[in-house]
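Take a look at the structure set out below.
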Amino acid sequence: MIKIVVDCFGGDHSPQANIDGSLAALEQFPDLYLILTGDSSAITAELSGKRYDSSRLEIVHAPEVIGCDEKPTDAIRLKRESSMVRAIRILRDSDDVSGMVSIGSTGALVAGALTRLGMLEGVIRPAFCPILPTMDGGVVGICDSGANVEVTSAHLKQFAIMASLYLENVYGVSSPRIALLNVGKESEKGDDMRREAYKKISEVPVVNFVGNMESRDLLSGSYDAVVCDGFSGNVLVKTTEGTALELLGKVKEMIYSKPVYKLGALLQKKMFADLKSMMNYQNYGGSVLIGTRKVVVKGHGSSRAVAVQKCIEQAYRMEESSLNSKIEEALDKYDHYE
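Structure below.
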């Protein structure tokens, strides 16, 4: 049985999205056991009338909620009865609980994970790794996307190792193609730190390093993961998502601008529906925090049930594949830094 704790508050559509996503995950995985943290009366009310296996679902009362406008370290320290802190404590203190999912405050989750859980043996810093769809029907990971604004070449080398193992074990990508985000594809491009990172990553046998990647090629399908500092990665992810949403909005506006366009769109209705589904981030889960002692998955604050279900699936797959153990083994074997 794989046990995962779900923080049921803190998102735009909580607790409904968290609970509906949890019930869908229970149906998806017969060996999954979920612990829901949050206001027990609200959770119970949301569960009322819904069918689920109650032997695999537990509720832990946590009446407080951490808001996204609160200072992360203060919130973790002062709101000990919040749904997020209770979830982190359960994850830390229970040997049989493998991971947690939250769509609450990113800053508070990172602060709580670092101070309460700690890092895997050998990890310098953990990194967020969200997943985006590529134009050839695959996915690409971005590691890091916000956990570390400033990094060194040693950090980027570790990100490459961890991202490679994540794509291979959770998404079944054989020999993932790992790239380094840079201002050009040539090996001499970028600042001293990135040129040094290029050299270090290329020397790791376990990483299929394919060189530098320019941001415009992120969704091309030529890469399975790209490593970068958290600031650049966060900008890359949000710019890509924003561009896709704006483009889809413009296409819709143009379709309704002329009758002939409407007729054409009607004939291609299935194609537009498939395109919209492919570009919908809700279908790809959350951003995993790779490198912490136990599995942590952070979903988007606006996540609905399907996104929460995907976040739980990510946590499940990470534990099922023993990803953390494989990361520790790889770092011990291939990563030695001064």
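Sequential numbering from 226 applies to the sequence shown in my numbering.
Here a beta-carbon is modelled for each residue, glycine too, at the ideal position from N, C-alpha and C.
None of the values given here were measured: they were computed from a predicted structure.
Rounded to the nearest angstrom, how far is the Cβ of valine 364 from that of isoleucine 403, given a contact under 8 angstroms?
-> 14 angstroms between Cβ atoms; not a contact.
Give me the Cβ distance between glutamine 534 and alanine 250, rounded to the nearest whole Å; I'm assuming they're in contact under 8 angstroms.
-> 5 angstroms
Just how far apart, CA to CA, sit glutamate 563 and glycine 347?
-> Legend: pLDDT at glutamate 563 = 48, less than 50; position of this residue unreliable, value from coordinates given subsequently. Answer to the nearest angstrom: the Cα atoms are 12 angstroms apart.
In its own chain, which residues sit with a C-beta less than 7 angstroms from the C-beta of serine 564, not counting the 5 before and 5 after it?
-> Since the first and last residues shown for the chain are 226 and 563, residue 564 lies out of range.
What's the call for lysine 487, buried or exposed, on a 16-neighbour Cβ count within 10 Å?
-> exposed
Using alpha carbons as the reference points, say which of Arg281, Asp264, Gly236, Met504 lies closest to leucine 248.
-> Arg281
If you draw a straight line from the C-alpha of tyrosine 559 to the C-alpha of asparagine 394, how long is it?
-> 18 angstroms
Exposed or buried, glutamate 271, counting other C-beta atoms within 10 Å across all chains shown (16 or more means buried)?
-> buried
Terminal residues of the continuous beta strand (DSSP E) containing arginine 402?
-> 402-406
With a threshold of 16 other CB atoms inside 10 Å of the CB of leucine 492, please say whether the residue is buried or exposed.
-> exposed
Through-space distance from proline 255 to alanine 450, alpha-carbon basis = 31 angstroms
Tell me, to the nearest whole angstrom, how far the beta carbon of valine 326 is from that of valine 231; I am working on the premise that it is less than 8 angstroms.
-> 5 angstroms
Can you list, in chain order, the residues of its chain whose CB lies under 7 angstroms from that of glutamate 553, leaving out five sequence neighbours each side?
-> Leu345, Glu346, Gly347
What residue ranges within the region 417-442 form continuous beta strand (DSSP E) runs of no fewer than 3 residues, ordered along the chain?
-> 433-438
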